[in-house]
Structure formats: structure tokens, C-alpha cells
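Number of protein chains: 2
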Amino acid sequence: MNVVTSHRPDRSPARRRLLDTATRLFYAEGIHAVGIDRIIAGACVAKATFYSHFPSKDDLVRAYIEEQDWLGRTAIAELGQLPPRERLLAIFDRIGEAAHQPGYRGCPFLNATAEYPDPTNPVRQAIDDHRRWFRELLRGLLAANGHSDPVRTADILIVLWDGLLISGHVDDSTELSVLTRDAVTRMLSIGR
Amino acid sequence: MNVVTSHRPDRSPARRRLLDTATRLFYAEGIHAVGIDRIIAGACVAKATFYSHFPSKDDLVRAYIEEQDWLGRTAIAELGQLPPRERLLAIFDRIGEAAHQPGYRGCPFLNATAEYPDPTNPVRQAIDDHRRWFRELLRGLLAANGHSDPVRTADILIVLWDGLLISGHVDDSTELSVLTRDAVTRMLSIGR
DNA sequence: GTTGATATAGACAGACCTGTCTGATAATGT
DNA sequence: ACATTATCAGACAGGTCTGTCTATATCAAC
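Residue numbers (the working numbering), protein chains in the order written: chain A, 2 to 193; chain B, 2 to 193.
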């Protein structure tokens, strides 16, 4: 969910700059709206170098999505040791933090989904992988919290997650953190 | 939310066919991914005729969004007389019906938002209008139902609405109707 | 019959798209 | 010293995009 591009080691500096520039532009303007020429110009990389690192634009898009997945998993892992309920709340608190950053434009995975209709496309597969991981994460935390129906409640929490990320983008987001706490605690209060 | 294109009178048959074809293609494949040439071919309309009805492609996109708005309002109006709570549930039941239609690809408004980053764009303005109408509708129904906090609860219901439309598209949607009923009744059970 | 509105097919311009290729330059390891 | 690897700038091909334009055809009203 975070779209920070920074500080991840990579095979080469040029590749790192390409992925950073692509991340910034894809997220800010949409994938189809950004051409290769602008990415290589922003990354100060020659076109031939780009195509030596990424066989096609779609490979770059897939790398972008996979890195967002990696960043999301890393951010959760870096939350530190917390009891299940507090961990759940801390995960959802990240929504408010992200939405108040300048340039916030919703969830990169959902935005990409809107531009990739074919569910068998590798980009969509990478997005599905990310969502499967997140769903399992929530199920585990709800079960560890002694929740009576972790499977169903995890599904609803994901519905809230997606909807809150949208709300922070397209609606007035001044009360998003309060709204998030309210919605999640309402949901957790049911079923123990 | 419904993407049915049908049966709305229009100024001219050619314009009607253009809007129907554009609706079908924009929704199925995304807006940037569909060119004018394909729309006029699908509508059996000459290019000059297209540009006499729509000064630019963006005007066609705005007409597409405004018609989806009109269809949504019409569908709600056609629900007939129902008590507030049943009306709310009936509105949300439409999600399951829509998501099980072949070719369902999520919410046309949110998909368009992902492709239009500039919030001052007329397309985005039309989407904002639609969302404002829907928010007011939910607030009124919650207030009429004697709910203790209709403003906040309407915000959460919109979060659920957006999230459920996404879930029906990108996740397994076999239990979407049950999930919707569960999430909405859970939410309505709090605050009277 | 004549006029005016609306439609047709399709060429065209200018921009942008992805992806390939050439040929030169710099850094690195042995 | 030499080979390898990565990089550079940029031309180029072939396609698609939006939007304009020409020239013709249909049809209704008067």
C-alpha cells in the first residue's frame, strides 16, 4: 500500500533508478498514461539499457507491483511484536498515515487492476498473490485473537481495507483515521 | 454501478449507439485502452459524425460517467416504496446481483478514477457528484431509520459499498451476497 | 425542386507508443 | 594489456492515438 520507492538494494543502480521512476510515475498518473520515453528520461538511462533490464514494459509493470507487494510485507514485518488485536489496529492505522501523505492516490494494486482487465495477466497474478497473503495474515491474527469467525471477519476487514483506501483518496480524508478506528473496532466487537 | 447501456432515449440514434458502444468498451477494457476508431467502428458511425456529437474524447467519457450516474439514480428510484432499513438492504443487494453478471469488472466510477488522476477534471467532478448524491441518500435513510449517528455510519456504509464492489470483482465472489448482508447488518446493528 | 441538416467513407497531419538497432564510451576483472 | 560487461545517445520502424478535413449521399421541409 505504501508507495515509497527508496532504499531497496538492487542488481544495478540503473535498474534501481528505472524502477523508482516508474513507481513514481505509474502511481501518480496511471500505467497506460506513462510511456517508456518518460521513464528513461526521468531515470537518466538509455533506452537500450532499459530493455536489457526489462524485456518489455509489462515486465517493468510486474516488477513495480511485486515491489509494492514486498514493501507492504516488509512494513507489516517491521511493526514489531504486538498482541494480535493491537497488531490488527496498527495495520489499519497505516491507512491514515498513507492517505495524508502528499500525492496519495489510493491503492496501487487496485489502480493497476482497473487498467488490467485480463485476470490471467501476470500483473493481475502478482496482485492476487498480494491479496492472498494479506487475507491469510488477517485470518491468522483474528484466530490468534480468539475471534469466533476469523474467515468471514477477515473477508469483511479486507472489504473495509479496500474501501478505506478509496475513501482516503476520493472523499474528504480529514477524519479518515477516526473513521478507520471506528469501522474496525465496530467490526471486531462482533464475534468476540 | 450498473453498466447496462440500454433503452434511454437520446437526441439521435447515432449518438445513442456511440454512447452504448463506448460504455461497453470503456467498462470492459478501460478508458485509455479504447480508441475512438474502435468506438465508431462498433457503433457503425463515421468519424465526422462522432466529432459532431462529442467535441472530444473526454466529452464522451464524461457523458459515459454521467449516464452511469443517471442509471444508478434511476435504479434506486425504481426500488419502490420500502421502509428505510429494507431500502438500505435492497440497495446493497444490488451489489451481489451486479457482481454475478458476466463481464462484471467492478465499479465504473472507481475504475475511471484510477485513470483520471487530476481531481479537477470534469470526469472526476461528475464522479464526485455521483458520490455526493449517494452519501446524502444513505444519510437520509439512516436518519429515517432512527439511527443514532447517520453521518458517520453513512461514511462507513460507503466504505463497505466500495469494498464490496471490489471484492466481487477481484476476489472469489460466490459468497458475496451473504458477505454483503453480514457486513451491512453488523454495521446497522450498532447505533440502534 | 431546392435548401439545410445529418449522415457517410476515408485520407491526412502530427504526436506518441513500444521495441530494435547501431556504434561509441566507460568501468571492471583477470 | 585485454576481454567483458554495462552503459550511453539517438535514429528508426511500424503501429496507434486524437482530431481535422474533403467530398459525397440521404432525407425531410417547404
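Where is the CB? At the ideal position from N, CA and C, for every residue including glycine.
Please read these numbers as outputs of a predicted model, since none were measured by experiment.
For residue 143 (chain B) and chain A, any beta-carbon pair shorter than 8 Å?
-> Residue 143 (chain B) sits at position 142 when you count from the first residue of the second sequence. By this cut-off, residue 143 (chain B) is not an interface position.
Are the beta-carbon atoms of residue 99 (chain B) and residue 32 (chain B) separated by less than 8 Å?
-> Position 98 of the second sequence, counted from the first residue, corresponds to residue 99 (chain B). Position 31 of the second sequence, counted from the first residue, corresponds to residue 32 (chain B). No, these two residues do not count as a Cβ contact at 8 Å.
Residue from B:139, B:51, B:18 and B:23 whose Cα sits closest to the Cα of residue 87 (chain B) | Locating residue 87 (chain B) in the second sequence gives position 86, counting from the first residue. Minimum Cα distance to residue 87 (chain B) is reached at B:139.
Spatial neighbours of residue 105 (chain B) in its chain, beta-carbon cut-off 7 Å, leaving aside the 5 residues before and after | In the second sequence, counting from the first residue as 1, residue 105 (chain B) sits at position 104. These residues qualify, in order along the chain: 99, 169 and 170.
Any beta-carbon of chain A closer than 8 Å to the one on residue 114 (chain B)?
-> Taking the second sequence and counting its residues from 1, one reaches residue 114 (chain B) at position 113. With 8 Å as the cut-off, residue 114 (chain B) counts as an interface residue toward chain A.
Taking C-beta to C-beta, are residue 67 (chain B) and residue 127 (chain B) nearer than 8 Å?
-> Taking the second sequence and counting its residues from 1, one reaches residue 67 (chain B) at position 66. Taking the second sequence and counting its residues from 1, one reaches residue 127 (chain B) at position 126. Their beta carbons are under 8 Å apart, which means residue 67 (chain B) touches residue 127 (chain B) by this criterion.
Answer yes or no: do residue 62 (chain B) and residue 124 (chain B) have a C-beta to C-beta separation smaller than 8 Å?
-> Here the question's residue 62 (chain B) lines up with position 61 in the second sequence. Here the question's residue 124 (chain B) lines up with position 123 in the second sequence. The answer is yes: Cβ separation under 8 Å.
Length of the line joining the Cα atoms of residue 3 (chain A) and residue 48 (chain B) = Indexing the first sequence from 1 puts residue 3 (chain A) at position 2. Indexing the second sequence from 1 puts residue 48 (chain B) at position 47. The pLDDT assigned to residue 3 (chain A) is 47, lower than 50, so where the model puts this residue is not dependable, and the model offers no usable value.
Quick one: using the 10 Å Cβ neighbour count with 16 as the cut-off for buried, is residue 69 (chain B) buried or exposed?
-> Taking the first residue of the second sequence as 1, we reach residue 69 (chain B) at position 68. So residue 69 (chain B) ends up on the buried side.
Cβ contact check for the stretch 177-188 of chain B and the stretch 145-159 of chain A: 3 or more pairs under 8 Å | yes
Contact under 8 Å by Cβ, residue 158 (chain A) with residue 188 (chain A) = The residue given as residue 158 (chain A) occupies position 157 in the first sequence. The residue given as residue 188 (chain A) occupies position 187 in the first sequence. Cβ atoms of residue 158 (chain A) and residue 188 (chain A): closer than 8 Å.
Output the residue ranges of the alpha helix (DSSP H) runs that lie fully inside the stretch 48-128 of chain A and measure 4 residues or longer, sorted by chain position.
-> 48-54, 58-78, 85-100 and 109-116
Using a beta-carbon distance below 8 Å, is residue 153 (chain A) in contact with chain B?
-> The residue given as residue 153 (chain A) occupies position 152 in the first sequence. Interface residue, yes.
With DSSP run on the structure shown, which of helix, strand or coil describes residue 230 (chain A)?
-> Look at the range of chain A in this structure, 2 to 193, and you will see that residue 230 (chain A) is not part of it.
For residue 98 (chain A) and chain B, any beta-carbon pair shorter than 8 Å?
-> Position 97 of the first sequence, counted from the first residue, corresponds to residue 98 (chain A). So, not an interface residue.
Under a three-way DSSP split, which group does residue 170 (chain B) fall into?
-> As a first step, residue 170 (chain B) must be located in the second sequence, where it is residue number 169. Residue 170 (chain B) falls in the helix class under three-state DSSP.
Around the Cβ of residue 75 (chain B), are there at least 16 other Cβ atoms within 10 angstroms (buried) or fewer (exposed)?
-> Residue numbering aside, residue 75 (chain B) sits at position 74 when the second sequence is read from its first letter. Exposed, because fewer than 16 other Cβ atoms sit within 10 Å of the Cβ of residue 75 (chain B).
Measure from the alpha carbon of residue 77 (chain B) to the alpha carbon of each residue in B:131, B:39, B:116 and B:38, then state which is nearest.
-> Counting from 1 along the second sequence, the entry for residue 77 (chain B) is found at position 76. Of the candidates B:131, B:39, B:116 and B:38, the one whose C-alpha sits nearest the C-alpha of residue 77 (chain B) is B:131.
Examine chain B for any beta-carbon lying closer than 8 Å to the beta-carbon of residue 103 (chain A), and answer yes or no.
-> Position 102 of the first sequence, counted from the start, is the residue given in the question as residue 103 (chain A). Output row for residue 103 (chain A): interface = no.
Mind listing the chain A neighbours of residue 31 (chain B)? Cutoff is C-beta to C-beta under 9 Å, in chain order.
-> Taking the first residue of the second sequence as 1, we reach residue 31 (chain B) at position 30. Neighbours of residue 31 (chain B) on chain A, chain order: 33, 115, 116, 117 and 118.
What residues in its chain sit with their C-beta under 8 Å from that of residue 7 (chain A), if we drop five residues either side in the sequence?
-> As a working mapping, residue 7 (chain A) is identified with position 6 in the first sequence. Here residue 7 (chain A) scores only 49 on pLDDT, less than 50, and its place in the model is too uncertain to base an answer on.
Are residue 12 (chain A) and residue 26 (chain A) touching if we call contact CB-CB under 8 Å?
-> Residue numbering aside, residue 12 (chain A) sits at position 11 when the first sequence is read from its first letter. Residue numbering aside, residue 26 (chain A) sits at position 25 when the first sequence is read from its first letter. No, they are not a contact pair.
If you draw a straight line from the C-alpha of residue 82 (chain B) to the C-alpha of residue 160 (chain B), how long is it?
-> Against the second sequence, residue 82 (chain B) aligns to sequence position 81. Against the second sequence, residue 160 (chain B) aligns to sequence position 159. Those two C-alpha atoms are separated by around 25 Å.
Does DSSP put residue 11 (chain A) in a helix, a strand or coil?
-> Position 10 of the first sequence, counted from the start, is the residue given in the question as residue 11 (chain A). Coil, per DSSP.
From residue 103 (chain A) to residue 29 (chain A), what distance separates their C-alpha atoms?
-> Looking up residue 103 (chain A) in the first sequence gives position 102. Looking up residue 29 (chain A) in the first sequence gives position 28. So the alpha carbons of these two residues sit roughly 11 Å apart.
Excluding the 5 residues preceding and the 5 following residue 111 (chain A) in the sequence, name in chain order all residues of the same chain whose CB lies nearer than 8 Å to its CB.
-> Reading the first sequence from its first residue, position 110 is the one you call residue 111 (chain A). Result list for residue 111 (chain A): 163, 166 and 167, in chain order.
Find the residues of chain A that neighbour residue 132 (chain B), judging by a C-beta separation of less than 9 Å, and give them in chain order.
-> On the second sequence, residue 132 (chain B) is found 131 positions in, with the first residue counted as 1. 171 and 172, listed in chain order.
At 7 Å on the CB atoms, spell out the chain A contacts of residue 46 (chain B), in chain order.
-> Taking the first residue of the second sequence as position 1, residue 46 (chain B) is located at position 45. Near residue 46 (chain B) there are no residues of chain A at all, since even the closest Cβ is about 24 Å away, more than 7 Å.
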